[in-house]
Amino acid sequence: KGGVIVNIASVAGLSGAPKLSVYAAAKHGVVGLTRSAAVEYASKGIRINAVCPAHTRTAMVDGFVRFTGAPEAEALAELTRGVPMKRVGEVDEITTGILFLADPANSFMTGHALALDGGIGAI
305 KGGVIVNIAS VAGLSGAPKL SVYAAAKHGV VGLTRSAAVE YASKGIRINA VCPAHTRTAM
365 VDGFVRFTGA PEAEALAELT RGVPMKRVGE VDEITTGILF LADPANSFMT GHALALDGGI
425 GAI
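Okay, so the sequence shown: first residue is 305 according to the numbering used here, each after it adds one.
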């Protein structure tokens, strides 16, 4: 009995995302699903949370860099202009957040959307 689900949303699921309204709507849906399902399944011992990463060094970010045609450093500087930490996240950092949410030591945590956003949510 029990288990853990960690959904992958986005920082765009916690606020708006200019020029990405469809993407933001989809990620808001993931966060809403996470919270609703967490309440529905809590009595069965199933914890459901989500990670909400900002720009992370993945194929999606690499595609953005290529699309701009600018040198990588310049494209990343533009991408992270609104990020207080002034950098993209690394996959290992997102993985650490997922493992944190899945850890049995967090057995009282459910329905949470963990922002891994370099400080964007603090602005």
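We treat Cβ as the ideally placed atom computed from N, Cα and C, and that holds for glycine.
Element boundaries [beta strand (DSSP E), containing residue i]
| i | result |
| --- | --- |
| R391 | Here R391 belongs to no beta strand (DSSP E), and DSSP marks it neither H nor E. |
| G307 | G307 to I312 |
Distance CB(residue i)-CB(residue j) smaller than 8 Å
| i | j | result |
| --- | --- | --- |
| V387 | G422 | yes |
| L318 | V335 | yes |
| V395 | T372 | no |
| V310 | L405 | yes |
| A426 | C356 | no |
| G306 | I352 | no |
Buried or exposed (CB count within 10 angstroms, at least 16 for buried), residue i
| i | result |
| --- | --- |
| S347 | exposed |
| A328 | buried |
| I402 | buried |
| S325 | exposed |
| G393 | buried |
| K331 | buried |
| A417 | buried |
| T400 | exposed |
| A358 | buried |
- Query: Which ranges would you report for the beta strand (DSSP E) in the region 324–368 if only whole runs of at least 3 residues count?
  - Reply: 350–357
- Message: Restricting to runs no shorter than 3 residues, where is the beta strand (DSSP E) found entirely within the region 371–427?
- Response: 417–420
- Message: Within 8 Å, do at least three Cβ pairs link the region 370–385 to the region 339–354?
- Response: no
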